[in-house]
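To keep things clear, I will list the structure first and then write my remarks on it.
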Amino acid sequence: MLIGVAAETDPAETRVAATPETVKKFVSLGAKVAVAHGAGEKAGVPDADYQSAGAQLVSADEALAADVVLKVRRPSAQEIAALKSGALVIAAMDPYGHDDAVGALAKSGVAAFAMELLPRITRAQVMDILSSQANLAGYRAVVDATAEYGRALPMMMTPAGTVPAARMFIMGVGVAGLQAIATGRRLGAIVTATDVRPATKEQVESLGAKFVAVEDEEFKQAETAGGYAKEMSDAYKAKQAALVAAHIAKQDVVVTTALIPGRPAPRLVTAEMIRAMRPGSVIVDLAVERGGNVELAKAGEVVTTDNGVKIIGTSNVTRLAATASALYARNLYAFVETLIDKANKALAVNWDDELVKATCLTRGGAIVHPNFLPK
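The structure is reproduced here in structure tokens:
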């Protein structure tokens with residue numbers, strides 16, 4: 021079996037789907053590994069390191085013609101044309117709202133696996149790309165906010181007077197939000213956080229932050245069996261917005277992380293709320309590529325409002341390329357390992373495996389995932 025590591029074609033993408041560490045592991049499983057020239061360059065991994073790990077350096081099209089193709093992002097139309105029918109293509113496919121792209125993958129005859137659709141079960145934790153990348157996103161969000169804030173975060177008592185601690189508010193307490201809380205606390209900020217899921221209150225408080233939410237009956241039922249946030253009613257949203265608006269006006273840094281699978285990011289911070297914030301305050305919108313939690317945020321930009329509030333909409337995990345790639349590559353290795361018969365050193369996909377069924381988008385020329393079947 022030949023595993024191809026493709027180079028990313030999106031100019032903004034700096035990550036790579038395999039590292040020398042995972043290449044060695046694939047080779048030990050009996051695979052041949054072909055890495056596209058320059059695939060790891062932006063992540064700080066030179067071609068020579070892949071060669072030392074046992075990989076062969078090939079052209080972009082040769083990497084895409086492998087039996088198993090590993091990528092960070094969904095293949096482009098040009099890349100799909102180079103894929104081999106029957107190959108396994110494994111990446112973050114971003115299938116929601118991209119019916120044409122999913123259809124093109126199906127038409128190519130490949131078995132496409134969307135790693136972000138893995139179920140939230142114990143067995144899949146080591147493969148969970150959402151958690152590994154969100155953890156870094158939460159960390160980087162606070163680092164970015166600190167860089168733009170222009171003031172110190174911790175309280176400092178000096179002969180020249182006392183510097184008060186910055187107030188930081190984290191909106192959405194998933195993996196990214198929890199890491200943002202922890203990072204903000206380590207840097208000395210006074211941290212508060214909010215989420216619609218009741219279970220997060222204890223998690224927030226365990227990190228030394230204060231929980232802020234309207235805790236009514238709807239709030240107590242606001243979590244799916246899979247651990248994701250539910251869409252809240254308009255009445256609850258209005259009550260929560262009023263509480264949040266009053267709270268945001270007193271904050272120096274706000275980090276928003278709220279996402280609902282398959283839907284646009286919920287709007288959490290309005291222009292009116294931003295106008296109430298102090299000049300020099302900073303907002304980081306981690307959901308900006310899904311429509312944004314913040315009304316004035318722009319993807320890929322840092323916006324400064326008329327009242328001097330900075331809104332950061334730049335991608336962050338791509339600026340932690342080496343670390344993000346290392347974790348992402350391990351996630352992919354853990355998944356691919358389950359598709360290999362170690363005794364025969366050959367691909368042996370169990371199409372009835374719950375992980376395979378949950379992530380497989382296309383197979384045999386058709387879309388097979390129930391969430392994306394043509395209407």
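When we follow the working numbering, the leftmost residue of the sequence shown carries the number 21, and every step to the right adds one.
We treat Cβ as the ideally placed atom computed from N, Cα and C, and that holds for glycine.
Here the structure is a predicted model, which is why all the values come from computation and not from measurement.
- Looking at the DSSP output, PHE355 sits in no beta bridge, so it has no partner there.
- Taking C-beta atoms as the reference points, LEU207 and PRO174 count as a pair closer than 9 Å.
- Looking at LYS395, PHE355, GLY385, LEU393, the one whose alpha-carbon comes closest to that of VAL376 is PHE355.
- Secondary structure of LEU347 (DSSP, three-state): helix.
- The closest CA to that of TRP371, considering only ASN313, HIS267, CYS380, VAL289, is found on CYS380.
- For MET191, the enclosing beta strand (DSSP E) covers residues 187-191.
- Within 10 angstroms of the beta-carbon of GLY170 lie fewer than 16 other beta-carbons, which makes it exposed.
- Using a C-beta cut-off of 8 Å, the stretch 181-198 makes contact with the stretch 147-162, since at least three inter-stretch Cβ pairs fall below that distance.
- For ILE23, the secondary structure class from DSSP, reduced to helix, strand or coil, is strand.
- Per DSSP, the unbroken beta strand (DSSP E) holding THR276 starts and ends at 273-276.
- A distance of 9 Å or more separates the beta carbons of ALA107 and VAL78.
- Pairing ALA80 with ILE331, the inter-Cα distance amounts to about 37 Å.
- Taking GLY117 as reference, the option from GLY311, ASP236, ALA233 with the minimal CA-CA separation is GLY311.
- Collapsing the DSSP output to three states places ASP114 in coil.
- Just so you know, the alpha carbons of LEU359 and VAL216 end up roughly 37 Å apart.
- VAL314 sits away from VAL337, with the two beta carbons spaced by 9 Å or more.
- Between the beta-carbon of ALA134 and that of LYS104 there is about 19 Å, and that puts the pair past the 8 Å contact cut.
- Between the stretch 91-98 and the stretch 62-78 there are fewer than three inter-stretch CB-CB distances shorter than 8 Å, so the stretches are not counted as touching.
- Within the same chain, VAL25, VAL53, VAL55, TYR70, ALA73, GLY74, ALA75 come within 8 Å of VAL43 by CB-CB distance, once the 5 residues on both sides are set aside.
- Per DSSP, LYS221 is one residue of the alpha helix (DSSP H) stretching across 220-226.
- The three-state reading of DSSP puts GLN153 in helix, counting H, G and I together.
- Across the structure, GLU357 and VAL92 are spaced so that their CA atoms are roughly 17 Å apart.
- The alpha carbon of ALA102 has as its nearest neighbour, out of ASP87, ALA112, ASP114, PRO115, the alpha carbon of ASP87.
- In the same chain as LEU279, and ignoring 5 residues on each side of it, the C-beta atoms closer than 7 Å to its own belong to ALA285, ALA307, ARG310, in chain order.
- When the five nearest sequence neighbours on each side are left out, the beta carbons in the same chain lying within less than 7 Å of the beta carbon of ARG350 are those of THR42, in order along the chain.
- One thing to note: SER301 has its Cβ no nearer than 9 Å to the Cβ of GLY333.
- According to DSSP, residue pairing for MET147 in a beta bridge does not occur.
- The Cβ-Cβ distance between GLU28 and ALA51 does not fall below 9 Å.
- A straight line joining the alpha-carbon of TYR256 with that of PHE239 spans about 8 Å.
- Annotation: the continuous beta strand (DSSP E) that includes VAL55 extends over 52-56.
- Taking C-alpha positions only, PRO281 is separated from VAL183 by approximately 41 Å.
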